[in-house]
Amino acid sequence: MKYHVVTFGCAANVADSERIAGYYKNRGWTKVRSPNTADEVIIVTCMVRQSAEDRVTGAVRNIGNMKKGSKPKIIVTGCMSGMALRDTSGKLLTQLQKRMPFIDAFLPIEEIGLPFPQLRKDQAHALVSISNGCNNFCSYCVVPYSRGREESRPFEEIIRECKELAKKGYSSITLLGQNVNSYGADIIRNSELTHCHPERSEGSHRDSSAFSLRMTSEKKITFVKHLGKMRIPTLFPYLLNEVCKIDGIKNIDFLSSNPWDFSDELIDVIAKNPIISRKIHLPVQSGDDEILQKMNRWYTAKDYMELIHKIRANVPEVTFSTDIIVGFPGETEEQFQHTVKLCKKVGFVKAYIAMYSDRPMTEAHKNFHDTLPYLEKKKRWGTLENIINE
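Residues in the sequence shown are numbered from 34 upward in steps of one, following our numbering.
Rendered as structure tokens:
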């Protein structure tokens, strides 16, 4: 039996596709390069923007048109399936079935390939998923609806996987999550915690306490301080530091992080471990405070710049890439210029710039009207593209 995987979207989708390939390999199937010769075709979808969704629909149509008889069986998974299957009204699934009549099954990504090891293409660099889903509910984003609430993998399981990768000769690892720096918040919430004496080293920021987790050994839990308040407990600085200790691992990266969860402890771990990448991806989305508030991004432009300065003060050789949305509903030219101003201040080395795309089920879809003309969005996109990516 033969299978073929088609992947759209982000690094998390690539990692999911590798796990799907591992599942089929474990069943004794052979991977083929073309859907024309496959018994099953698995399509890992993306719907972060309408353009991504349209590319998926086109690919599915092309594969469906060449389908003869009962071969190949076509399975659609990833974000499009996840969102449709989580829609309790059933409307999205019905729409998806009408758009893709050739599909044999729509499955959520968490039902395919777990817990099988990934079948990786790269023999030196490994993508390691540490969590799935997101709890932040940015008003434009489908991830909480397509992948569900954030769920962290067990700490020891991640460390064990990284050690096994090192033994196999992998020297580079990228830790993946929709919000990697909130890793472990759900583990802590769901565990029975026994409060121990706080760790108070001289000069500390008094943002962390030591706890004993019944399910694990004693670990340091970081409480992220944001806008003067302790926001969430996270194990990510500790996890990142432990991965750095693994023999054979020479380069470590992580994707993607949110500015409001980028703790002082995380900065310290990066500063103390030169094998952690000095290229940090830190999505800003907008440089205007009112637009950020509409986006449900929990920081101001000033907060973001202060974080940039803090990281640079501790990690002088750091560079930054980012994500930006232009043409969010109601964005004026003046507000867009605030984004231009912030980008010039930061000096991003790379930006993934997107024109706002209305997405179903999101708060922006429910509460804001996408009235800005396409040509104006395109112009603003070009302005930032020329400033950052040229």
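Cβ coordinates follow ideal geometry from the N, Cα and C atoms, glycine included.
Using only CA atoms, which one of the options lies nearest to residue i?
i      : options                        : result
Asn400 : Val351, Phe361, Glu190         : Phe361
Phe295 : Val38, Glu275, Lys343, Ile192  : Lys343
Ile108 : Glu423, Gln318, Lys378, Leu129 : Leu129
Glu73  : Asn306, Glu51, Val38, Asp49    : Val38
Lys383 : Leu325, Leu315, Gly320, Arg66  : Leu315
Met409 : Met394, Lys131, Glu366, His398 : The amino acid at residue 409 is misidentified as Met; the sequence shows Glu. Comparing Cα positions, the closest option is Glu366.
His398 : Leu375, Val161, Ser172         : Ser172
Ile428 : Asp49, Thr333, Lys124          : Outside the modelled stretch of the chain, which goes from 34 to 423, sits residue 428, for which no answer is possible.
Tyr57  : Ala45, Ala117, Ser67, Ile145   : Ile145
Gly181 : Trp293, Asn169, Lys131         : Asn169
Thr416 : Glu194, Gln211, Val359, Leu198 : Val359
Glu143 : Arg186, Ala159, Met328, Pro406 : Arg186
Ile420 : Gly281, Ala117, Leu375         : Leu375
Ser67  : Thr40, Tyr385, Glu339          : Thr40
Phe149 : Glu51, Ala159, Tyr178          : Glu51
Asp219 : Gly261, Ile265, Thr207, Asn59  : Ile265
Ala159 : Tyr178, His259, Val47          : Val47
Asp280 : Arg345, Ile308, Met34, Leu126  : Ile308
Lys278 : Asp297, Lys262, Asn306         : Asn306
Arg222 : Ile192, Phe256, Asp301         : Phe256
Ile313 : Phe353, Gln326, Asn347         : Phe353
Glu350 : Gly363, Ala304, Lys106         : Ala304
Gly261 : Asp336, Asn165, Glu423         : Asp336
Asp301 : His259, Arg392, Ala334, Arg345 : Arg345
Asp403 : Gly363, Cys167, Pro177, Lys131 : Gly363
Helix, strand or coil for residue i, going by three-state DSSP, please let me know.
i      : result
Asp294 : helix
Arg264 : strand
Val348 : coil
Lys412 : helix
Val65  : coil
Cys329 : It should be pointed out that residue 329 corresponds to Asn in this sequence rather than to Cys. In the structure shown, Asn329 sits in coil (DSSP, three-state: anything other than H, G, I, E or B).
Ser179 : helix
Asn165 : strand
Ser50  : helix
Ser172 : coil
Tyr216 : coil
Leu129 : helix
Gln368 : helix
Pro150 : coil
Gln211 : coil
Ala94  : Contrary to the premise, residue 94 reads as Arg rather than Ala in this sequence. Arg94: helix per DSSP, three-state reduction.
Ala71  : coil
Arg193 : helix
Pro406 : coil
Ile145 : coil
Ser84  : helix
Ser234 : Here Ser234 scores only 32 on pLDDT, less than 50, and its place in the model should not be relied on; the value that follows carries that caveat. Three-state DSSP puts Ser234 in coil, outside helix and strand.
Asn422 : helix
Arg247 : In this predicted model, Arg247 has a pLDDT of only 40, less than 50, meaning its place in the structure is not dependable; the value taken from the coordinates is given anyway. The answer is coil: DSSP assigns Arg247 none of H, G, I, E or B.
Gly55  : helix
Cys229 : Residue confidence is low: Cys229 scores 34 on pLDDT, short of 50, so the model does not pin down where it sits. No coordinate-derived value is stated.
Lys278 : coil
Asp301 : helix
Met394 : coil
Gly380 : coil
Ala45  : helix
Give the C-beta separation of residue i and residue j to the nearest angstrom, bearing in mind that I take them to be a contact with Cβ-Cβ under 8 Å.
i      : j      : result
Ile254 : Leu273 : Not really, about 14 Å apart at Cβ, beyond 8 Å.
Leu152 : Gly55  : 4 Å
Thr90  : Met133 : 7 Å
Val93  : Ile136 : 7 Å
Ser310 : Ile285 : 7 Å
Gly123 : Thr78  : Not really, about 19 Å apart at Cβ, beyond 8 Å.
Ser84  : Ser390 : 7 Å
Ala387 : Arg88  : That pair is no contact at about 14 Å.
Val175 : Met394 : 7 Å
Ser205 : Lys154 : No, Ser205 and Lys154 are not in contact; Cβ-Cβ is about 14 Å, not under 8 Å.
Ser179 : Met328 : At roughly 18 Å, the Cβ-Cβ gap does not stay under 8 Å, so Ser179 and Met328 are not in contact.
Tyr332 : Pro292 : 5 Å
Thr372 : Asp321 : 6 Å
Gln368 : Ile341 : Going by Cβ atoms, the distance from Gln368 to Ile341 rounds to 20 Å, so no, they are not a contact pair.
Ala44  : Leu208 : That belief does not hold up - the Cβ atoms of Ala44 and Leu208 are roughly 10 Å apart, past 8 Å.
Lys35  : Thr63  : 5 Å
Any idea which residues DSSP pairs residue i with across the strands?
i      : result
His259 : Lys262
Phe139 : Val109
Tyr385 : Asp356
Ile206 : Ala159, Ile285
Gln318 : Ile357
Lys35  : Thr63
Ile309 : Ile285
Val77  : Thr40, Thr110
Glu184 : Asn165
Taking only beta-carbon positions, decide if residue i is within less than 8 Å of chain B.
i      : result
Tyr385 : Absent here is chain B; the protein component of the structure consists of one chain.
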